[in-house]
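Chains as they are written, first to last, in this note's numbering: chain A, 1 to 186; chain B, 1001 to 1260.
What follows is a short report on a single structure.
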């Protein structure tokens, strides 16, 4: 479903039902992109909400309904990058140091890398393996690949969404594909 | 063309971004180089798989959460010029003060307002004989999903969007500007908007559950019997034992008890 010019204008003029149509049209796309970039469903949910608040607040900056998809992808990409940056700035704790609490000291434990049978079953499916492979790509490569190859944005739209020039998008995408192939196929 | 160069431009070839001359050279190389042919085939297969990846399923309630977030900022924002013009008949008054001729019958039984309850609420208002209007809200609207009415100066704007419609005055006072009603299926919550911006809201079916909105209206003819208060001060929530404020259609147990 695409947003018509009439609906876009209505939303621009404050019609909340028209805006809700925009949300309905793009919310799965935004959530899907956010999930691939952030690799965490909770973060992806937060990002999706944040994206649509930004879209609502600045819809007048979108030139027309034809630009809406890529414009929303710009906001999604930037929002996810901001979230990743925030996470990276958060303080970290040593995983092997004892942590003192009111109830005594304890050691922070992380789950074993060993997969449960259920996890293995899921990961045996090609789709899950492909998602896992995408998750292993560096963010810069992941974002261009997700936008172009999963969500079919044009090169120029990807360039706009990632604030890169076309040449950089082309080279990053080529490397991202090669890297993904290496991870996924070997 | 050597294989390294070929590997470099496979991506551009797949996307049809090579110049015609370069494309011919690439295809000639592919035809004669099995290694590069396999590389091209694998990359194309990979991209087909990526395109086949469907969109992720949305988590439950995410759409509602998104719209709730939008609503929260809507109530704090100044109405747009467009809406001002559309609501010009009563917009000015919405900015400032909305008078409400009401007392919360169920909500504030112990408050001082109760003392004036009988005096304020005439049993037979002109609205009482008004036939129910058929719901015109589209299915699945935010209001019907339980959206709250925003206690905000831009009340009419928001509620028109979310679940209220203005109607031509029927049996309502001649000086009423418009008529609004709830989009709730039981249609239990209605009100009128007066030209001076005062809004009278009442519990249509007298069931008391309109008290979820918190208001009973008494005197439409005089429509000012209580000191006007800013709409923003109105609390349309019901008093509830749970930590969250409750609004229409709240699912919490204590609200259900109140609603009985």
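Think of the CB as a built atom: it goes at the ideal place given N, C-alpha and C, for glycine as much as any other residue.
Beta-carbon neighbours of residue i, restricted to chain A and to distances below 9 Å
| i | result |
| --- | --- |
| residue 1002 of chain B | Ordered by position in chain A, no residue passes the 9 Å Cβ test against residue 1002 of chain B, which lies about 16 Å from the chain. |
| residue 1069 of chain B | 49, 50, 52, 53, 56 |
| residue 1042 of chain B | 181, 185 |
| residue 1020 of chain B | What residue 1020 of chain B touches in chain A: nothing, since even the nearest Cβ is about 17 Å away. |
Backbone secondary structure at residue i - three-state DSSP
| i | result |
| --- | --- |
| residue 1041 of chain B | helix |
| residue 177 of chain A | helix |
| residue 88 of chain A | helix |
| residue 1048 of chain B | helix |
| residue 172 of chain A | helix |
| residue 1033 of chain B | coil |
| residue 131 of chain A | helix |
| residue 35 of chain A | helix |
| residue 110 of chain A | Reliability of the predicted coordinates at residue 110 of chain A is poor, the pLDDT of 41 falling under 50, and no value is obtained from them. |
| residue 151 of chain A | coil |
| residue 4 of chain A | coil |
| residue 1001 of chain B | coil |
| residue 15 of chain A | coil |
| residue 186 of chain A | coil |
| residue 136 of chain A | coil |
| residue 164 of chain A | coil |
| residue 187 of chain A | No information on residue 187 of chain A is available, as it lies outside the stretch 1 to 186 that chain A covers here. |
| residue 145 of chain A | helix |
| residue 159 of chain A | helix |
| residue 1063 of chain B | helix |
| residue 1055 of chain B | coil |
| residue 82 of chain A | helix |
| residue 1016 of chain B | coil |
| residue 1234 of chain B | The predicted position of residue 1234 of chain B is uncertain, since its pLDDT is 30 and thus under 50; a value taken from the coordinates is nonetheless stated next. Of the three classes helix, strand and coil, the one that applies to residue 1234 of chain B here is coil, per DSSP. |
| residue 1008 of chain B | helix |
Per-residue contacts from residue i into chain B (C-beta, under 9 Å)
| i | result |
| --- | --- |
| residue 142 of chain A | None at all; the shortest Cβ gap to chain B is about 12 Å. |
| residue 130 of chain A | 1046, 1049, 1050, 1053 |
Contact set between residue i and chain A, taken where Cβ atoms lie within less than 8 Å
| i | result |
| --- | --- |
| residue 1012 of chain B | 170, 174 |
| residue 1051 of chain B | 149, 150, 152 |
| residue 1073 of chain B | 53, 56, 57 |
| residue 1063 of chain B | 23, 24, 27 |
| residue 1008 of chain B | 174 |
Supposed close pair residue i, residue j - CB separation, criterion 8 Å
| i | j | result |
| --- | --- | --- |
| residue 55 of chain A | residue 81 of chain A | So it is not a contact: roughly 17 Å between Cβ atoms. |
| residue 52 of chain A | residue 1070 of chain B | 7 Å |
| residue 70 of chain A | residue 128 of chain A | About 28 Å; that fails the 8 Å criterion. |
| residue 149 of chain A | residue 1005 of chain B | Residue 149 of chain A to residue 1005 of chain B, Cβ: 22 Å. No contact. |
| residue 31 of chain A | residue 1058 of chain B | 6 Å |
| residue 1053 of chain B | residue 1026 of chain B | About 27 Å separates the two Cβ atoms, so there is no contact after all. |
| residue 1010 of chain B | residue 1043 of chain B | 6 Å |
| residue 137 of chain A | residue 179 of chain A | 6 Å |
| residue 166 of chain A | residue 176 of chain A | About 15 Å; that fails the 8 Å criterion. |
| residue 57 of chain A | residue 1030 of chain B | Actually they do not touch by this definition, with Cβ atoms about 50 Å apart. |
Contacts that residue i makes with chain A (C-beta to C-beta distance below 7 Å)
| i | result |
| --- | --- |
| residue 1066 of chain B | 23, 27, 48, 49, 52 |
Closer than 7 Å at the beta carbon, the chain B residues around residue i
| i | result |
| --- | --- |
| residue 32 of chain A | 1055, 1056 |
| residue 137 of chain A | Under the 7 Å cutoff, chain B gives no residues; its nearest Cβ is about 12 Å from residue 137 of chain A. |
| residue 45 of chain A | 1059, 1062 |
| residue 35 of chain A | 1056 |
| residue 85 of chain A | Ordered by position in chain B, no residue passes the 7 Å Cβ test against residue 85 of chain A, which lies about 22 Å from the chain. |
Amino acids of chain B, ordered along the chain, whose beta-carbon sits closer than 8 Å to that of residue i
| i | result |
| --- | --- |
| residue 39 of chain A | What residue 39 of chain A touches in chain B: nothing, since even the nearest Cβ is about 12 Å away. |
| residue 19 of chain A | 1070 |
Cβ-heavy atom distance, residue i to the ligand NAD, below 6 Å
| i | result |
| --- | --- |
| residue 143 of chain A | The ligand NAD is not part of the structure shown, which contains no ligands of any sort. |
Within-7 Å CB hit, residue i to chain E
| i | result |
| --- | --- |
| residue 28 of chain A | Looking for chain E here will not work: the only protein chains present are A and B. |
Inset, instruction - Please list the segments of the beta strand (DSSP E) lying wholly inside the stretch 41–76 of chain A, counting only runs of 3 or more residues, in order along the chain. - result: Within the stretch 41–76 of chain A, no run of beta strand (DSSP E) at least 3 residues long lies entirely inside it.
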